[in-house]
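**Q** I have a structure here, written as structure tokens, and I will follow up with some questions on it.
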Amino acid sequence: MSVLIENARVIDPASGFDGVTPVCIQGSEILALGEIPEGFEPRRRVDARGRWLFPGLIDLSAHLREPGEEHKATIASETIAAARGGVTTLVMPPNTDPPVDSPAEVELISRRAEQACGVRVLATGALTRGLKGEQLAELAALQRAGVVAVSNAQHPLASPLVLRRAMEYAATFDLMVALSAQDAALAGSGCVHEGAVSTRLGLPGIPEAAETAALGMILALVEQTGARVHVNRLSTRRGAEMVAKARADGLPVSADVAAHQLFLTEVDAADFNPFCHVIPPLRTQRDREGLREAVARGEISAICSDHQPHESDSKLGPFAETRPGISALETLLPLTLRLVEDGLLALPDALARVTSGPAAILGLTGGRLAPGAAADFVLFDPDGRTEISRETWLSAGANTPFMGWSFSGHVTETWVAGRPAWTMPIEVAV
Amino acid sequence: MITAAFPARPLPQPGPLPNDLQLTSTGQLRHLLTVEGLSRELVTEILDNAESFANMNEKAVKKVPLLRGKTIVNLFFEASTRTRTTFELAAKRLSADVLNINVSTSSATKGESLLDTLRNLEAMNVDMFVVRHQQSGAAHFMARHVEPGISVLNAGDGRHAHPTQALLDMFTIRRFKGDFTRLKVAIVGDILHSRVARSQIHALNILQAGEVRVVAPHSLLPAHVEDLGVHVFHSLEQGLRDADVVIMLRLQRERMEHAHLPSEHEYFQLFGLTQRRLLVAKPDCLVMHPGPANRGVEIDSAVADGAQSVILQQVTFGIAVRMAVMSMVMGVRSA
Amino acid sequence: MPEIASLLDSMAEQTRRHFEQRGIEQPIVVGIHSGGVWIAEALRERLGYARPMGKLDISFYRDDFSRIGMHPQVRPSELPEELDNEHILLVDDVLFTGRTIRAALNELFDYGRPASVTLAVLVERDGRELPVEAAIVGAHMELGTGEQIKLRGPEPLRLERVQLEDGR
Chain A
13 MSVLIENARV IDPASGFDGV TPVCIQGSEI LALGEIPEGF EPRRRVDARG
63 RWLFPGLIDL SAHLREPGEE HKATIASETI AAARGGVTTL VMPPNTDPPV
113 DSPAEVELIS RRAEQACGVR VLATGALTRG LKGEQLAELA ALQRAGVVAV
163 SNAQHPLASP LVLRRAMEYA ATFDLMVALS AQDAALAGSG CVHEGAVSTR
213 LGLPGIPEAA ETAALGMILA LVEQTGARVH VNRLSTRRGA EMVAKARADG
263 LPVSADVAAH QLFLTEVDAA DFNPFCHVIP PLRTQRDREG LREAVARGEI
313 SAICSDHQPH ESDSKLGPFA ETRPGISALE TLLPLTLRLV EDGLLALPDA
363 LARVTSGPAA ILGLTGGRLA PGAAADFVLF DPDGRTEISR ETWLSAGANT
413 PFMGWSFSGH VTETWVAGRP AWTMPIEVAV
Chain B
410 MITAAFPARP LPQPGPLPND LQLTSTGQLR HLLTVEGLSR ELVTEILDNA
460 ESFANMNEKA VKKVPLLRGK TIVNLFFEAS TRTRTTFELA AKRLSADVLN
510 INVSTSSATK GESLLDTLRN LEAMNVDMFV VRHQQSGAAH FMARHVEPGI
560 SVLNAGDGRH AHPTQALLDM FTIRRFKGDF TRLKVAIVGD ILHSRVARSQ
610 IHALNILQAG EVRVVAPHSL LPAHVEDLGV HVFHSLEQGL RDADVVIMLR
660 LQRERMEHAH LPSEHEYFQL FGLTQRRLLV AKPDCLVMHP GPANRGVEID
710 SAVADGAQSV ILQQVTFGIA VRMAVMSMVM GVRSA
Chain C
446 MPEIASLLDS MAEQTRRHFE QRGIEQPIVV GIHSGGVWIA EALRERLGYA
496 RPMGKLDISF YRDDFSRIGM HPQVRPSELP EELDNEHILL VDDVLFTGRT
546 IRAALNELFD YGRPASVTLA VLVERDGREL PVEAAIVGAH MELGTGEQIK
596 LRGPEPLRLE RVQLEDGR
């Protein structure tokens, strides 16, 4: 179908474009930006006066819980939540049940995603068989099946040697390895940041060194092997500094941070709030500032949701017995835009962290608005409000510490492949 | 290039602060979950009320009808005969009915969640839970989910808090020493894993103790321990110098297994309390221990049974303090 | 306000006659804190009773605990002797609703089983909520609503009428 969207303020971080201009869509692609081509007859016209139009968000990590944990969430429920949040492409980690360590699982996920609302679901393949950390999975087959990267989720590898071999093998196919920088032994059974708050609460802590020691080893191996590595979910200032230095030295390293790490700290868990139980943990004020600065400078080039929906029982119990994770698809965009309000970075740069930045990391052509690009975009009303409340929440997991928070602006429509995947219900519109 | 397009709006504050949970709007004790955050006045009131009950214990009649008709449930997820017994005695001396429930770890993991256990017991019209659990925050969790009008008393949660122990220790110190402001108190041992130590540190600081010291090897101290308001010592000699009170903590066998310490032998060499080591403290320094004591590991028998030891009195006072706390939380009917 | 001294004289005389009629020689005098203790001491002196006096603090036996909570500054009750088969002279300053006396009786019976308990009060006023009466009364007083009578002491002992704002 052909669609003309007029009068929107179009923001494309990849090209730097920011202005009011018409957008022409033909089928599943953007036909033109700026001038309406000769003979273009739109079947539908959208007057987007007062709205913004920017590329659909690309989320580097969102757990959809299917297959294996459908009692927590499903591909169907979470892709709708993603669409509400302006996310048009999301990447699933491999730790489903069974894990994504063979092409069959990749195909299963693709099929299920197609039947859902249209949001693009990409898979990360398992680095090792069963995610057990010992034997390599068939990485080439996984790549052929369409995984965008491989990782071992948060499961440890048997030894640094296995990590080295895995990185070298993946590099054979130019397949990116995504790694969690957390030393399992140093982290132990920790569930909060090891610091003043963990001492007060008497909870086992995960020291900063668990991240920096693991990161040191990862970076040393990147230097040794030349493999392309992405660091998942940095949580420390020191870790961000190490990555920045590695990048400045020319190493093929990228990193992302979960949006909540840019706002919350260990203090938010100080009353045993189970919704602040996350791995990696919320750390100190200083770490938060360090991460924010790294995001502002682009040293961390992507912000992701690290979406982990849980059923309510998982969060009902003494803190250490609750499952870690935040249901975060619907707060990724609001939190990213809040960084602009805080004066941390300009609007196009903030949007880049969730669109062109992740696209570059994964080597995707998406995350931008240009003729020939996929028609994946968000229509946004900057004057409205997004209320984070149970009533409007779409994810099957309500486990978020941001309940009750209120943000500027809201998504009015999310389009994928030239069709609306989600439209804001009228009664909610202010 | 268009810069920040939003007008700045204020960020909502992060999560609630503690203590809304255990105090009513008028500052009375609704639950007792932790000593942390209680006012000096409230702690003093608890100790004063305990005085009444302590005196009562010496009289012929050991029972008063204050809590007659009330049902108190001792919900112990961690085995402890000693603590459970003192809570049971305290409740019975207040004429309450007592229900003892020992939940072994295996039956808990078989399926009934903490919340389910709570709901089932509430359905039997109980008035108070005394809870001991291996996880920090368990008592807070119960207090958050319990029906209004039911009180929760923390008998020890993980490494977090053991408020009645700290209060009875403060009662003991006050009985023998009086004014806290001129006291140097040393807490010796495994601070890292100790809920008793954390509660004692809070209580001593609330009562404005002259100096609170912790004495332990690095591997048994939690991160940022100074932030709790203590001076850190790694040598027993230095930590005990001129001390008015020394509190010895129990060393558990598991610490050797996780590489915190090489052996009990070495620990006793460096940190065990002997008669000789005690000499650097004040001559009338009190020797305390929350019990049960590992003789020959953290404390010499001669010291544990010696003239300066008030370990047995701590046990006696524990009943009075628990009677006081139970009476105070039960005497609060409105929210 | 009637004079305390003359009330005490009258009470002593009533007490002497009461116990003479029953053939009781040395009852145990027990006063209820604080006013009852002062009156009991005064009576014991006038009557020349030799046996040590008892003092009761009834805070732990009050029936309004769940409404008002823990009473601060509870003094320990002191009962110098065994009560079994003894005759008790229970003394209080003001008899009003009768609840204090009920609490005192409960507490006494937790200590032992007296042969009898005789109640002596300095002032008795209307307003009984329980079936309690005193055998020995210093004075009967009529009071208006919201008025209370209080005994101040210990030196000098004097009665005071107090008007309460909310009437209770």
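Chains as they are written, first to last, in my numbering: chain A, 13 to 442; chain B, 410 to 744; chain C, 446 to 613.
Glycine is no exception: its CB is placed at the ideal position from the N, C-alpha and C atoms.
Quantities reported herein were computed from a predicted structural model and do not represent experimental measurements.
With a threshold of 8 Å between beta-carbons, can GLN544/B be considered close to chain A, or not?
**A** yes
**Q** From the beta carbon of PHE550/B, is the nearest beta carbon of chain A less than 8 Å away?
**A** yes
**Q** Just the chain B side, please: which residues come within less than 7 Å of PRO4/A by C-beta, in chain order?
**A** Nothing about residue 4/A can be read from this structure; chain A reaches only from 13 to 442.
**Q** By Cβ distance, which residues of its chain are closer than 6 Å to GLY46/A, with the 5 residues on each side in sequence left out?
**A** THR33
**Q** Distance, Cα to Cα, LEU577/B vs ALA135/A?
**A** 58 Å
**Q** List, in chain order, every chain B residue whose beta-carbon is nearer than 7 Å to that of GLU333/A.
**A** Near GLU333/A (Cβ distances below 7 Å), the residues of chain B are GLN544.
**Q** Note down, in chain order, every chain A residue with its Cβ under 7 Å from the Cβ of SER461/B.
**A** Neighbours of SER461/B on chain A: none; closest Cβ ~32 Å, over 7 Å.
**Q** By how many angstroms is the C-alpha of ARG558/C removed from the C-alpha of HIS532/C?
**A** Their Cα atoms are separated by approximately 10 Å.
**Q** Taking the C-alpha atoms as reference points, what is the distance between ARG568/B and ALA548/B?
**A** 12 Å
**Q** Verify the CB distance criterion: does PHE464/C have a CB-CB separation below 8 Å to chain B?
**A** no
**Q** Is PRO168/A closer than 8 Å to THR367/A when the C-beta atoms are compared?
**A** no
**Q** Closer than 8 Å by C-beta to ILE594/C: which residues in its own chain qualify, once you throw out the five before and the five after it? Chain order, please.
**A** So the qualifying residues of the chain are VAL539, VAL568, ARG570, MET586, LEU588, LEU604, GLU605, ARG606 and VAL607.
**Q** Would you identify the three-state DSSP class for ASN464/B, choosing helix, strand or coil?
**A** helix
**Q** Around the C-beta of ALA157/A, are 16 or more other C-beta atoms found within 10 angstroms, so that it is buried, or is it exposed?
**A** It is buried - the Cβ of ALA157/A has at least 16 other Cβ atoms within 10 Å.
**Q** Can at least three beta-carbon pairs, one atom from the segment 387–403 of chain A and one from the segment 315–326 of chain A, be found at a separation below 8 Å?
**A** no
**Q** Would GLU126/A and ALA408/A qualify as a contact pair, given that the criterion is a beta-carbon distance under 8 Å?
**A** no
**Q** For a quick check, are the C-beta atoms of LEU550/C and LEU528/C less than 8 Å apart?
**A** No, the pair does not count as a contact, with Cβ atoms beyond the cut-off.
**Q** Across which residues does DSSP place VAL204/A in a beta bridge pair?
**A** GLY217/A
**Q** Excluding the five sequence neighbours on either side, which residues of its own chain have a C-beta within less than 8 Å of the C-beta of LEU274/A, listed in chain order?
**A** ARG300, LEU303, ARG304, VAL307, ILE315, LEU347 and LEU351
**Q** Quick one: is PRO1/A near chain B, going by C-beta distance under 8 Å?
**A** Outside the shown range of chain A, which is 13 to 442, sits residue 1/A, and nothing can be said about it.
**Q** Does DSSP classify CYS288/A as helix, strand or coil?
**A** helix
**Q** Counting only the same chain and skipping the five closest in sequence on each side, list residues whose C-beta sits under 8 Å from that of ARG380/A.
**A** Correct list, in chain order: ASP24, PRO25, ALA26, SER27, PRO67, THR367, SER368 and ALA371.
**Q** Kindly indicate the opening and closing residues of the beta strand (DSSP E) around ARG704/B.
**A** From DSSP, ARG704/B is part of no beta strand (DSSP E); its letter is neither H nor E.
**Q** Can you give me the start and stop residues for the alpha helix (DSSP H) that SER89/A sits inside?
**A** 87–96
**Q** Roughly how many whole angstroms lie between the Cα atoms of ALA564/B and ASN529/B?
**A** Going by the C-alpha atoms only, they are around 20 Å apart.
**Q** In the DSSP assignment, the alpha helix (DSSP H) including GLU569/C goes from what residue to what residue?
**A** For GLU569/C, there is no enclosing alpha helix (DSSP H); the residue is part of the beta strand (DSSP E) that begins and ends at 561–570.
**Q** Assign ALA282/A to buried or exposed, taking buried as 16 or more other Cβ atoms, counted over all protein chains shown, within 10 Å of its Cβ.
**A** buried
**Q** Please list, in chain order, the chain B residues whose beta carbon lies closer than 7 Å to that of ALA443/A.
**A** This structure cannot settle anything about residue 443/A, because the visible part of chain A is limited to 13 through 442.
**Q** Hey, could you find the ends of the beta strand (DSSP E) PRO572/B is sitting in?
**A** From DSSP, PRO572/B is part of no beta strand (DSSP E) but of the alpha helix (DSSP H) over 572–586.
**Q** In the segment 495–508 of chain C, which residues sit with their C-beta less than 7 Å from some C-beta in chain B, listed in chain order?
**A** Near chain B, meaning a CB-to-CB distance below 7 Å, the residues of the segment 495–508 of chain C are PHE505 and TYR506.
**Q** Determine the burial state of GLN544/B: buried for a count of at least 16 other Cβ atoms within 10 Å of its Cβ, exposed for fewer.
**A** buried
**Q** Quick one: what's got a C-beta closer than 7 Å to ALA744/B's C-beta in the same chain, skipping five residues either side?
**A** Confidence in ALA744/B is poor, its pLDDT being 34 and thus under 50, which makes the residue's placement too unreliable to answer from.
**Q** Strictly by DSSP, which residues pair up with VAL561/B?
**A** Per DSSP, the beta bridge partners of VAL561/B are PHE538/B.
**Q** Please name the residue in ASN285/A, VAL243/A and GLY145/A whose C-alpha comes closest to that of SER192/A.
**A** VAL243/A
**Q** Hey, GLU574/C and THR545/C are a contact pair by Cβ (cut 8 Å); roughly how many whole angstroms apart?
**A** Contact doesn't hold; Cβ gap of about 11 Å is too wide.
**Q** Just how far apart, CA to CA, sit GLU311/A and GLN166/A?
**A** 23 Å
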